[in-house]
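What follows is a single structure, written as structure tokens, with notes after it.
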Amino acid sequence: LLKGFVFDLDGIITDTAKYHYAAWKRVAQDELGITINPAVNEHLKGVSRMDSLNVILKFGHKENAYTDTEKAEFASEKNDLYKSLIQQMTPDDILPGIADFLKAITAKGYPMALASASRNAPFIIDRLQLAEYFSAIVDPATLTKGKPDPEIFERAADLIHLPYAETVGIEDAVAGIEGIQAAGMFAVGVGSPDVLGKADLLFPDTAHLNLAQIETAFNAARK
Ligand code: G16
Ligand code: MG
4 LLKGFVFDLD GIITDTAKYH YAAWKRVAQD ELGITINPAV NEHLKGVSRM
54 DSLNVILKFG HKENAYTDTE KAEFASEKND LYKSLIQQMT PDDILPGIAD
104 FLKAITAKGY PMALASASRN APFIIDRLQL AEYFSAIVDP ATLTKGKPDP
154 EIFERAADLI HLPYAETVGI EDAVAGIEGI QAAGMFAVGV GSPDVLGKAD
204 LLFPDTAHLN LAQIETAFNA ARK
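In terms of UniProt numbering, the sequence shown is numbered consecutively and its last residue is 226.
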């Protein structure tokens, strides 16, 4: 029986990727002399702050150019820039259909937890005025592994006491879909079939997310 939901943030609830990208682009250019592009940005999605920096350094062939202390400073500078950009977020930044989708889930009594790799997730959920919908938000600082490891999704379900087999996870990234499935959960993808073909159920965009369809597909899969 379907008991509840775990949600990704970036790409599902709101598009923080554009702000992460703007902040990394500046730091990469000014501090590292590396010019990143949208293709590199695809590899930063869902990836932790330090792992994102490592992706950029590798792209610029500078993976061994800096000490851990210097790297921590670059990451912190990026986060300061990022934080200044997300100050302006409002409920208008909620992706299409998400507000109604969260309302429908709540109306049916399913609990929800947030499984975002972002340490800024509680601030963003607050800015979007969505805090009332989430019974728990995973603190990524307490995790040992990033997506595609299932840890973040398992932690989210644990926080709201959901058995994994009765939990639905919602994600827009391949690594996220893999993590949800590795946790034994039902994976709902938002995106294109060529990228997220492995998902148990796929919607082309957030506006198409439909609770009744998810319930039907979940019940058919668990029979
Ligand atoms: C998000 C973004 C990533 C970002 C990560 C950590 O993941 O997609 O690009 O690097 O959070 O964010 P912060 O630097 O704010 O801790 P998710 O899991 O919400 O898709
Ligand atoms: Mg995402």
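Backbone N, C-alpha and C fix where the C-beta goes; we use that ideal spot for every residue, glycine too.
The residues L212, in chain order, have a CB closer than 6 Å to that of F104 in the same chain once the five nearest residues on each side in sequence are set aside.
Take the alpha-carbon of T219 and the one of G179: they are about 22 Å apart.
Around the CB of P114, 16 or more other CB atoms lie within 10 Å, so the residue is classed as buried. The C-beta of A42 has fewer than 16 other C-beta atoms within 10 Å across all chains shown, which makes the residue exposed. A110 is not a Cβ neighbour of A139, given a cutoff of 7 Å.
The segment 21 to 33 makes no contact with the segment 130 to 147, as fewer than three CB pairs between them are under 8 Å.
Rounded to the nearest angstrom, the gap between the Cα atoms of I16 and A124 is 11 Å.
Annotation: M115 is outside any alpha helix (DSSP H); the continuous beta strand (DSSP E) that includes it extends over 115 to 117.
Taking I108 as the centre and dropping the five residues before and after it, the same chain places the C-beta of F8, M115, L214 closer than 7 Å to its C-beta, in chain order.
The residue among I155, E135, F137 with its C-alpha nearest the C-alpha of P143 is I155. Annotation for T209: I15, L98, P99, G100, I101, V193 place their beta carbon closer than 7 Å to its own, counting only its chain and skipping 5 residues before and after.
Excluding the 5 residues flanking it on each side, P94 has same chain C-beta neighbours closer than 7 Å at L131, Q132, in chain order.
Relative to the ligand G16, H46 has its C-beta separated by 6 Å or more from all heavy atoms. Here the alpha carbons of Q91 and P151 stand approximately 31 Å from one another. For L214, the distance from the CB to the nearest heavy atom of the ligand G16 is not below 6 Å. Residue pairing of T17 in beta bridges, as defined by DSSP: D13, I97.
Put simply, of E34, K48, R225, I37 the residue whose alpha carbon is nearest the alpha carbon of V171 is R225. Summarising the contact set, residues whose Cβ lies nearer than 7 Å to any heavy atom of the ligand MG are, in chain order, D11, L12, D13, G14, I15, K48, G49, E174, D175, A176, G179.
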